[in-house]
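Peer 1: Quick note: the sequence shown uses the working numbering, first residue 100, plus one each step. Note that beta-carbon positions come from the ideal geometry of N, C-alpha and C, so glycine has one too.
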Amino acid sequence: MNVYDSEQIAKGLKALEYHLTSSLETADLIIVNTCAIRAKAEQKAFSFLGRLAAFKKKKPDLIIGMGGCVAQQEGKKILKRLPHLDLVFGTHAIGRLPMHIQRIEKEKCRIVDIEMSEALVEFGSTVTLKPTGKATSFVTIMQGCDNYCTYCVVPYVRGREKSRNPENIIQEIQNLVKSGVREVTLLGQNVNSYGQKEKLCSFPELLQETNKIKGLLRIRFTTSHPKDLSEDLILAFKDIEKLCKHIHLPIQTGSNRILKKMNRKYTRESYLQKIERLRHICPDIAITSDIIVGFPGETEADFKETLDLIKTVEYDNLFSFKYSDRPNAASACFPSKISKQEKNDRLQRLLELQEYFTLKKNKALVGSDQSILIEGSSKKHKAVNADHEWQWMGRTSTNRIVNFSQTNDDTSFNKVPIGQLIKVRIEKAFSHSLWAKPIRIEQKSVGLKGEESYAA
Ligand code: SAH
Ligand code: SF4
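(1) Going by CA-CA distance only, name the one from 388, 352, 320 that's closest to residue 342.
(2) In whole angstroms, give me the CA-to-CA distance for residue 142 and residue 176.
(3) Take residue 524 and list the residues in its own chain whose beta-carbon comes closer than 7 Å to its own, dropping the five residues that flank it on each side.
(4) By the DSSP assignment, the beta strand (DSSP E) with residue 470 in it spans what residues?
(5) By Cβ distance below 7 Å, which residues in the same chain neighbour residue 346 in space, the five residues on each side in sequence not counted?
(6) Between 172, 197, 136, which lies nearest to residue 118 when the distance is taken from Cα to Cα?
(7) Check each candidate in 164, 233, 205 and name the one with the smallest Cα separation from residue 213.
(8) Check whether the Cβ atoms of residue 237 and residue 286 lie closer than 9 Å to each other.
(9) When the Cα of residue 334 is compared with those of 295, 380, 436, which residue comes out closest?
(10) The ligand SF4 heavy atoms versus the CB of residue 288: any closer than 8 Å?
(11) Please go through the same chain and pick out, in chain order, the residues whose beta-carbon is closer than 7 Å to the beta-carbon of residue 344, but skip the five residues on each side of it.
(12) Across the stretch 166 to 175 and the stretch 122 to 135, are there enough close Cβ pairs to call them in contact, namely three or more that are closer than 8 Å?
(13) Under a Cβ-count criterion, where at least 16 other Cβ atoms within 10 Å of its own Cβ denotes burial, should residue 349 be classed as buried or exposed?
(14) To the nearest angstrom, report how far apart residue 128 and residue 528 are at their CA atoms.
(15) Count the other CB atoms, across all protein chains shown, that sit within 10 Å of the CB of residue 102; report buried if there are 16 or more and exposed otherwise.
(16) So for residue 499, helix, strand or coil by DSSP?
(17) Label residue 160 either buried or exposed according to how many other C-beta atoms from any shown protein chain fall within 10 Å of its C-beta, with 16 as the threshold for buried.
(18) Rounded C-beta distance between residue 200 and residue 112? I'm assuming under 8 Å.
(19) Determine the direct distance from the alpha carbon of residue 355 to that of residue 370, and round the result to whole angstroms.
(20) For residue 106, which three-state DSSP category applies?
(21) Name the one or two DSSP bridge partners that residue 237 has.
(22) Please go through the same chain and pick out, in chain order, the residues whose beta-carbon is closer than 6 Å to the beta-carbon of residue 105, but skip the five residues on each side of it.
(23) Contact between the stretch 351 to 366 and the stretch 396 to 408: three or more CB pairs below 8 Å?
(24) Leaving aside the five residues before and after residue 329 along the sequence, list all residues of the same chain whose C-beta is less than 7 Å from its C-beta, in chain order.
(25) Does the beta-carbon of residue 253, which I'm using as the reference point, lie nearer than 8 Å to any heavy atom of the ligand SF4?
(26) Spatial neighbours of residue 192 within its chain, please: CB distance less than 6 Å, with the 5 preceding and 5 following residues excluded, ordered by chain position.
(27) Would you please state the rounded distance, in angstroms, between the beta carbons of residue 365 and residue 325? I believe it to be under 8 Å.
(28) In chain order, what residues of the same chain have a beta carbon less than 6 Å from the beta carbon of residue 187, not counting five sequence neighbours either side?
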């Protein structure tokens, strides 16, 4: 979500002639977009912002702004804590950012804008039609959240749930496709409740409309709240051709007692029934999840229920977090906090267990043929290596990272295959990625302009 917001921030500032740079030293404006979901993310943001004081000292005209959830949460306190900051803007102020920057440029003033509006913040029309060289993109379909899970800060820093108009979403995706994007991930805190409050279309209906967009090859979405995962959405994995075979379905804990304290409104049993149904409808679907360890009052027996659930589901991948108190979140006042050491220990045990399943599932793919959408150069091998090979990275429909190489004399590919769907044969499996041999192009890229610069 923050990646999407950062893109909107960059687009808004382009109108003021600010362009992205990868160097802090040469920047005239630094915007730090923050996340408040866990204490660690917040600490990281403050420590990074603190280091920016040295840059301001060297270059007094440098403008430094802090946006996002931590800015929303802490407001004007931040100006006191960080005297080198010019601007603090909250999650609903992104549209007003260019205006604030212009004022700071002119008046050299300091501004705090954490006003939250009832109205939805609409960005779609600012999307560029110019080729970006990017094959994948996020698209926010709704903002905020009404669920109030007791550990979570989101409803306080992002506001109440609001869904965007389907027409604007479709228009934005069409524009992205014109700029070369081939895969979109539709974003919301709980996409299952998309459009319900505003009586727009349902989420499966939005998926059907998205599926019709010419030139778009793949659709993903996140996040789906287990309590609202409907039969229609489960059926979408069979009926909607472009929908990738992957669902992120955060369970948070395997203990019914803790689920209740978290206010998650489903049980371990109802969750497992939905997993069974998903696998019945789409046998090779990949299922991933989020888990919090060390929620207040979590006993060893509760934690063992989580480990047991992981063994039952055999997730394709897991994102696990140590519980941390968040401002305003109800659980911050819950008794029986778990010690840091216990949380570390539980996280370690959970990671070890999941590592086994992730590797097992990856190994099972060796020898199989998979379709992957090429996203860019492989992380480890950015340039041409000694054997004059290009190393590329793409993802399977099930969201597994696949790296492969292409020799310079391999004429079966375009010079740069970003955005192409290709068939590969999986040769090796690692914990976090697969290695493959390309077999054939399944679909040619439709003129991604950023290509030449990539190949240069
Ligand atoms: N809307 C999504 C979650 C968004 S937050 C959902 O309901 O699934 C992403 C993840 O951060 C959560 O799933 C949870 O696992 C984790 N998280 C949220 N608050 C947390 C906290 N206070 N401490 C630790 N992890 C937390
Ligand atoms: Fe937070 Fe729960 Fe909303 Fe997810 S559904 S954003 S965890 S309150």
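Peer 2: Answer, in terms of the structure:
(1) 320
(2) 15 Å
(3) 468, 535, 536, 538
(4) 468 to 476
(5) 323, 377, 384, 386
(6) 197
(7) 164
(8) yes
(9) 380
(10) yes
(11) 336, 381, 383, 384, 385, 496, 497
(12) yes
(13) buried
(14) 43 Å
(15) exposed
(16) coil
(17) exposed
(18) 7 Å
(19) 11 Å
(20) helix
(21) 284
(22) 132
(23) yes
(24) 291
(25) yes
(26) 212
(27) 5 Å
(28) 165, 170, 177, 211
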